[in-house]
Every structure is written in C-alpha cells, then in structure tokens.
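Every letter in the sequence shown is one number past the one before it in this note's numbering, and letter 65, counting from 1, is 90. Where a beta carbon is used, it is the ideal one built from N, C-alpha and C, also for glycine.
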Amino acid sequence: MALEIRQADQSDRDAVAGLLDQAFRTDPVSSWVFPDPEHRAAVHGRFLGVFVDVALAEGRIDYAVDGSAAALWLRVPAGDPDGEAAEDDVPARMRAAADPDNERCELVGRLTGEVHPTAEEHEYLLMIAVAPDRQGEGLGTELMRPVLERCDREGVPAYLEASSERSKGLYERLGWRFTGEAVRLPEGPPMWPMWRKPQGTA
26 MALEIRQADQ
36 SDRDAVAGLL
46 DQAFRTDPVS
56 SWVFPDPEHR
66 AAVHGRFLGV
76 FVDVALAEGR
86 IDYAVDGSAA
96 ALWLRVPAGD
106 PDGEAAEDDV
116 PARMRAAADP
126 DNERCELVGR
136 LTGEVHPTAE
146 EHEYLLMIAV
156 APDRQGEGLG
166 TELMRPVLER
176 CDREGVPAYL
186 EASSERSKGL
196 YERLGWRFTG
206 EAVRLPEGPP
216 MWPMWRKPQG
226 TA
C-alpha cells in the first residue's frame, strides 16, 4: 500500500520534532553534538525542533498520515548560500534553544553551511526521519519520491548532507552523489554533502 502523505502544519510541530528526536537519537552526528546519552535525551528534541520551525516557516514538511515519517524541505534560490534568508541564524538558534554552553550545537550548522552549494536553485532535504520501529520498510524512499519526481520534471537539482554511511548508501540509490568535499566535525564523524542532478524521465 502506498504511503499516504500530507503537508504538516503548526499543529504537527511537536509530533514532528518528537519523531526527529526518536529517529536521530543514536545518529553519529547527534551523538557527537551531545556525547552524554542522558543529556542528549533531555535536549535533543529541542535541538531538532528548530529545524521543524524553519521548515514550517520557510519550506514545507511532508508528513506520513500515520506519523511514521517526515521530510523537511527548503527551496534554496541560486546565490543564496545555505538558504541564507531562512537559515543564517539557525545554528545559533539551535544552540540557544537546546544547550547554550555547547558550541557543537552551533558548529555543526556552521560547517555544513560552508560547503552548501550556491550556484543553482535546488531543493534542500534538511532532514528526513522514519520512526525507529518502521525503518527498513522503504518509507523514506516513498516519502521523498513525489519531490524527486517533481525535481526531475522541472529540471531542479536536490541537495542534502548524509550523516551516516547507511543513509549515504540509500541516497546514492536514489540518484544523489557525494560532492567530494566531506564535512569534518572536530574529533567527530564525517558528513557527506550530496547533490542530485535531475534524472531523465524518458
């Protein structure tokens, strides 16, 4: 059965933030930002909630009707580094909201912003999350499919940062390619910026 998808609104804000928290609690990057598991459990949802706020205000959130998956998208114009208008203050907001004394909260956003392509308008997959007990069912692929098909029809590229080898492999199967310049978190895991050219529709 096809995944039913709707667009999230402000009333879904806390549910989507909770889903991101569950899905990324043990992610390598989240574990680097918040090394202590108990502290991570306490602040991680607030940290990722800022992404939800940005997507609700400046982009959109595609949300599975059953609450099992969510994808946060921003359309970034050409010449607008990392969604400058929408995201320029996001790293600082994430630090202030979650853990003001933790500079890693802000650093991860600054470092990814430095390598974000700016030459072409593109769809930016800010985050995608699938509930832990539903991972491996192909829900993420189903959730992305409508946007990627539209990108292909309209000739628009897409961009993301993969935070694990597993997710990098998934994105490669969907047409994304590593840009060649990894984000190196100090004493932490790599992140892989990935660019997807529009695919032929013949």
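Inter-residue Cα distance where the pair is Q47 and D158: In the sequence shown, residue 47 corresponds to position 22, counting from 1. In the sequence shown, residue 158 corresponds to position 133, counting from 1. Taking the straight line joining both Cα atoms gives about 10 angstroms.
R118 versus E174 - alpha carbon distance: Locating residue 118 in the sequence shown gives position 93, counting from the first residue. Locating residue 174 in the sequence shown gives position 149, counting from the first residue. It is roughly 33 angstroms from the alpha-carbon of R118 to the alpha-carbon of E174.
Three-state secondary structure (DSSP) of F72: Start at 1 with the first residue of the sequence shown, and residue 72 comes out as number 47. Three-state result, F72: helix.
Proximity to D78 [Cα-Cα], best of F59, A40 and E186: Residue 78 sits at position 53 when you count from the first residue of the sequence shown. Ranking the options by Cα distance to D78, first place goes to A40.
Meets three-Cβ-pair contact criterion under 8 angstroms: the segment 134-149 and the segment 176-184: Yes: the two stretches touch, three or more of their Cβ pairs being nearer than 8 angstroms.
Exposure label - T137; buried when at least 16 CB within 10 Å: Position 112 of the sequence shown, counting from 1, holds the residue named residue 137. T137 is buried by the Cβ-count criterion.
For E167 and W98, the rounded distance between their alpha carbons: Here residue 98 refers to the residue found at position 73 when the sequence shown is read from its first residue. Here residue 167 refers to the residue found at position 142 when the sequence shown is read from its first residue. Approximately 15 angstroms between the Cα atoms of the pair.
Cβ neighbours of P262 in the same chain (closer than 8 angstroms, five flanking residues each side left out): Here the chain comprises residues numbered 26 to 227, so residue 262 is not present and cannot be evaluated.
Extent of the continuous beta strand (DSSP E) to which V54 belongs: Position 29 of the sequence shown, counting from 1, holds the residue named residue 54. In this chain, V54 is not harboured by any beta strand (DSSP E); it is covered by the alpha helix (DSSP H) spanning P53 to V58.
Per-residue burial, R120 [other beta carbons within 10 Å of its own, 16 or more giving buried]: One-based indexing of the sequence shown puts residue 120 at position 95. A residue is called buried once 16 or more other Cβ atoms fall within 10 Å of its Cβ, and R120 is buried on that count.
CB of P223 within 7 angstroms of CB of T204, strictly: Here residue 223 is taken as the residue at index 198 of the sequence shown, counted from 1. Here residue 204 is taken as the residue at index 179 of the sequence shown, counted from 1. For P223 and T204, no; Cβs fall outside 7 angstroms.
Buried/exposed call for S188, threshold 16 Cβ in 10 Å: For the purposes of this step, residue 188 is identified with residue 163 of the sequence shown, where counting begins at 1. S188 should be labelled buried.
Close beta carbons around V75, own chain, < 7 angstroms, minus the five adjacent residues each side: As a first step, residue 75 is located in the sequence shown; it is residue number 50 there, counting from the start. Result list for V75: V115, R118, M119 and A122, in chain order.
Distance CB(C130)-CB(E148) smaller than 7 angstroms: Within the sequence shown, the letter at position 105 stands for residue 130. Within the sequence shown, the letter at position 123 stands for residue 148. No, the pair does not count as a contact, with Cβ atoms beyond the cut-off.
Buried versus exposed call for H64 [16 or more other C-beta atoms within 10 Å across all chains shown]: Indexing the sequence shown from 1 puts residue 64 at position 39. Exposed is the call here.
G134 classed as buried or exposed, judged by whether at least 16 other C-beta atoms fall within 10 angstroms: Position 109 of the sequence shown, counted from the start, is the residue given in the question as residue 134. With 16 or more Cβ atoms within 10 Å of its Cβ, G134 is classed as buried.
C-beta contact flag for L28 and A80 at 7 angstroms: By one-based count along the sequence shown, residue 28 stands at place 3. By one-based count along the sequence shown, residue 80 stands at place 55. Between L28 and A80, the gap from beta carbon to beta carbon reaches 7 angstroms or more.
Three-way DSSP call (helix, strand, coil) for H141 in this model: Indexing the sequence shown from 1 puts residue 141 at position 116. Here H141 sits in coil by DSSP.
CA-to-CA distance, A95 to A33, given in whole angstroms: Translated into positions along the sequence shown, residue 33 becomes position 8. Translated into positions along the sequence shown, residue 95 becomes position 70. Straight through space, the alpha carbons of A95 and A33 are spaced by roughly 9 angstroms.
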